[in-house]
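S.K.: Here you go, one structure.
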Amino acid sequence: MIQPNIPATTKPRVVIVGGGFGGINLAKQLKHAPVQVVLLDRNNYHLFQPLLYQVSTAGLEPDSIAFPLRGIFRKQKNIVIRMAEVTGLRATENTLETGIGEIKYDYLIFATGSNTNFFGNKPIAENAIGMKSLIEAVQIRNYVVKQFEESLLLTDPEEIKPKLNFVMVGGGPTGVELAGAFAELRKYIMPKDYPSIPQALMNVYLIEAGPKLLASFSEKTSQKTQEALQELGVRVLLNTGVKEYDGHTITLSTGETIKTQSLLWSAGVKGEPVKGLSQDILLPNGRILVNEFNLVKGYENVFAIGDIAQMTNDQRFPKGYPMVAQVAIQQGKNVAHNLHLILENKPLKGFHYKDLGSMATIGRNRAVAEFANMRLSGYFAWIVWMIVHLMSLLGFRNKLVVFINWFYRYFTYERGTRIIIKRGAANIVKLRQTVGV
């Protein structure tokens, strides 16, 4: 048995798996608790996922939306941080199996987030690309720029079109923001960088299986979003599903086809449970059933928070809370509070989600936002969206870099990171193989 290099302790050991929004907020709240906190993550950084799409469309550099975990907890004395892949759980022994060895715990919290859900469609999973990691975002950027460069070498418009037909599947905030960003590439960047390619050869599609975009928003906001995207030249297809994709042709539920080499999938996400949990508490979407305290059902000292957790005791959300950052943040803080109560032998506090609202940006001077009883759209919503995202970024440097990038882009219409870093972006299949390691 491999023994990881984790300091021995006489205090209760709290192991947190995942350095996302839920994990880091939980760990922060335990700063002064009489416990040893062990934070495990496969990466050594916290990723600000809401801005991944800007990395994939050459708007931001990768390091501007990532912040080192050790930098976050530099002043916290009771935390141990290790890069590790969790491989299994032996709950009866209070033991977590990882790539760096077995770790004993007194309390265990899964905050592993989610991954792209292709709903069991293997051909689509093999040929499309999700956008849940920094590697994926960088590879998408490489791939997109390479598509433009290769298009310059072709003369037949029918050969160019599949390279420059960019299709987004999923009409949630990620799909909307991606579609808007690609439309702005077409409008502002393509004419300057690739003037010899007719702009009409690049098309941006947004496909949504439901009747409207941004399903959790009001009908009015959804309609405004659709109109704004269409003004940018995005072809919005509602009540349309993707049946097949072989890397060259998309077959839609309507029977229509689209020739494309670029299918970006944001139609769904799924949890990533750890092996060893009881199968009867794992749902088909990969989420783990938890009670009102985020305790995994059937376990006394194992919790799950954020995207991985399915809590159904709130009548407002009978199918569980949305897989968004605010849920993870609030659950992380509540579990930390309950750990304090456990140590003091006091009753636990049930979780109650406070919906702070939702927002999505569509493009330059265009966004939508809904919070409290207010609905915003257009320029003012765009300003609010930028302020909220800037304030949510970790680290002064990251805030400053992103602000300067946005300020510069607003007045110059430039996207300064249009470079191909590595040959791994040669094709979408190779891309998926690269990010799957």
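Going letter by letter, the sequence shown gives residues 1493 to 1929 in our numbering. For every residue, glycine included, the Cβ atom is placed at its ideal position computed from N, Cα and C. As the structure is a computational prediction, the values presented were derived from the model and not from experiment.
#1: Ignore the nearest five residues each way along the sequence and tell me which others in residue 1893's own chain have a CB closer than 7 angstroms to its CB.
#2: What are the partner residues of residue 1602, as DSSP defines its beta bridges?
#3: Enumerate, from N- to C-terminal direction, the unbroken beta strand (DSSP E) stretches of 3 or more residues contained entirely within the segment 1636 to 1697.
#4: Considering only their Cβ atoms, is the gap separating residue 1511 from residue 1588 smaller than 7 angstroms?
#5: Check the DSSP bridge columns for residue 1596 and list the partner residues they point to.
#6: So, at 6 angstroms on beta carbons, what are the nonlocal neighbours of residue 1532 in its own chain, with the 5 sequence-adjacent residues on each side left out?
#7: Rounded to the nearest angstrom, what separates residue 1926 and residue 1868 at their Cα positions?
#8: Could one say the Cβ of residue 1845 lies closer than 7 angstroms to chain B's Cβ atoms, at least one of them?
#9: Give the DSSP-derived three-state secondary structure of residue 1927 in the structure shown.
#10: Shorter than 6 angstroms, the distance from the beta carbon of residue 1743 to the closest heavy atom of the ligand SAH, or not?
#11: Would residue 1572 and residue 1530 be called neighbours here (beta carbons separated by less than 7 angstroms)?
#12: Figure out for me which residue from 1769, 1753, 1777 and 1752 has the closest Cα to the Cα of residue 1763.
#13: For the structure I just gave you, are there three or more beta carbon pairs, one from the segment 1689 to 1699 and one from the segment 1662 to 1681, closer than 8 angstroms?
#14: Is the distance from the Cβ of residue 1734 to the Cβ of residue 1630 below 7 angstroms?
#15: Can you find at least 3 beta carbon pairs, one from the segment 1632 to 1646 and one from the segment 1822 to 1829, that sit closer than 8 angstroms?
#16: Determine the DSSP secondary structure at residue 1781, reduced to helix, strand or coil.
#17: Using the Cβ count rule (16 or more neighbours within 10 Å means buried), how would you classify residue 1692?
#18: What does the alpha-carbon distance come out to for the pair residue 1483 and residue 1747?
#19: For residue 1932, which of 1759, 1881 and 1668 has the nearest alpha-carbon?
#20: Would a C-beta distance cut-off of 7 angstroms place residue 1559 and residue 1775 closer than the cut-off?
#21: Using a Cβ-Cβ cut-off of 6 angstroms (strictly less than) and excluding sequence neighbours within five positions of residue 1782, which residues of its own chain qualify?
#22: Should residue 1922 be labelled buried (16 or more other beta-carbon atoms within 10 Å of its own) or exposed?
#23: Flag this pair as yes or no: are the beta carbons of residue 1753 and residue 1654 separated by less than 7 angstroms?
#24: My understanding is that residue 1665 touches residue 1859, with C-beta atoms under 8 angstroms, so please give their C-beta distance in whole angstroms.
#25: Does the beta-carbon of residue 1917 have 16 or more other beta-carbons within 10 angstroms, so that it is buried, or is it exposed?
#26: Keeping to the same chain, check which residues put their C-beta closer than 6 angstroms to that of residue 1729; ignore five residues upstream and five downstream.
#27: Could you round the C-beta distance between residue 1709 and residue 1850 to whole angstroms and report it? I think they count as a contact, below 8 angstroms.
#28: Name the one or two DSSP bridge partners that residue 1938 has.
#29: My understanding is that residue 1615 touches residue 1738, with C-beta atoms under 8 angstroms, so please give their C-beta distance in whole angstroms.
M.R.: Put simply:
#1: The residue given as residue 1893 occupies position 401 in the sequence shown. Excluding sequence neighbours, residue 1893 sits near 1556.
#2: Indexing the sequence shown from 1 puts residue 1602 at position 110. For residue 1602, which the question treats as bridged, DSSP gives the partners 1509 and 1796.
#3: 1657 to 1661
#4: As a first step, residue 1588 must be located in the sequence shown, where it is residue number 96. As a first step, residue 1511 must be located in the sequence shown, where it is residue number 19. Contact: no.
#5: In the sequence shown, the residue the question calls residue 1596 occupies position 104. Answer is 1587.
#6: As a working mapping, residue 1532 is identified with position 40 in the sequence shown. Closer than 6 angstroms at Cβ, skipping near neighbours: 1509, 1574 and 1576.
#7: Counting from one through the sequence shown, the residue named residue 1926 turns up at place 434. Counting from one through the sequence shown, the residue named residue 1868 turns up at place 376. Unreliable positioning characterises residue 1926 in this predicted model, as indicated by a pLDDT of 47, which lies under 50. A coordinate reading is not provided.
#8: Among the protein chains of the structure shown there is no chain B, as only one such chain exists.
#9: Stepping through the sequence shown from its first residue, residue 1927 is reached at position 435. Low local confidence applies: a pLDDT of 43 at residue 1927 is under 50, so the model's placement there is unreliable, and no value is given.
#10: The model depicted lacks the ligand SAH and carries no ligand whatsoever.
#11: By one-based count along the sequence shown, residue 1572 stands at place 80. By one-based count along the sequence shown, residue 1530 stands at place 38. Yes, the Cβ-Cβ distance between residue 1572 and residue 1530 is below 7 angstroms.
#12: Locating residue 1763 in the sequence shown gives position 271, where the first residue counts as 1. Considering only alpha carbons, the answer is 1777.
#13: yes
#14: Taking the sequence shown and counting its residues from 1, the one referred to as residue 1734 is at position 242. Taking the sequence shown and counting its residues from 1, the one referred to as residue 1630 is at position 138. Contact: no.
#15: no
#16: For this step, residue 1781 is matched to residue 289 along the sequence shown. Reduced to three states, the DSSP call for residue 1781 is strand.
#17: By 1-based counting over the sequence shown, the position of residue 1692 is 200. That one is exposed.
#18: This structure cannot settle anything about residue 1483, because the visible part of the chain is limited to 1493 through 1929.
#19: In the structure as shown, the chain begins at 1493 and stops at 1929. Residue 1932 is therefore absent and cannot be evaluated.
#20: In the sequence shown, residue 1559 corresponds to position 67, counting from 1. In the sequence shown, residue 1775 corresponds to position 283, counting from 1. Against a cut-off of 7 angstroms, the Cβ pair of residue 1775 and residue 1559 comes out as no contact.
#21: Counting from one through the sequence shown, the residue named residue 1782 turns up at place 290. Excluding residues within five positions, the ones whose Cβ falls inside 6 angstroms are 1788, 1796, 1801 and 1803.
#22: On the sequence shown, residue 1922 is found 430 positions in, with the first residue counted as 1. Because residue 1922 carries a pLDDT of 49, less than 50, the predicted location of this residue cannot be relied on, and no value is offered for it.
#23: Reading the sequence shown from its first residue, position 261 is the one you call residue 1753. Reading the sequence shown from its first residue, position 162 is the one you call residue 1654. Going by C-beta atoms, residue 1753 is nearer than 7 angstroms to residue 1654.
#24: Position 173 of the sequence shown holds residue 1665. Position 367 of the sequence shown holds residue 1859. The Cβ separation is near 10 angstroms, so there is no contact.
#25: Here residue 1917 refers to the residue found at position 425 when the sequence shown is read from its first residue. Since pLDDT at residue 1917 reaches only 42, below the 50 mark, its modelled position is unreliable, and the value read off the structure follows with that caveat. By the 10 Å Cβ count, residue 1917 comes out buried.
#26: The residue given as residue 1729 occupies position 237 in the sequence shown. Same-chain partners within the cutoff: 1699.
#27: As a first step, residue 1709 is located in the sequence shown; it is residue number 217 there, counting from the start. As a first step, residue 1850 is located in the sequence shown; it is residue number 358 there, counting from the start. About 6 angstroms; that satisfies the 8 angstroms criterion.
#28: It is not possible to answer for residue 1938, since the shown part of the chain is limited to 1493 through 1929.
#29: Counting from one through the sequence shown, the residue named residue 1615 turns up at place 123. Counting from one through the sequence shown, the residue named residue 1738 turns up at place 246. With 8 angstroms as the limit, residue 1615 and residue 1738 qualify as a contact, their Cβ atoms being about 6 angstroms apart.
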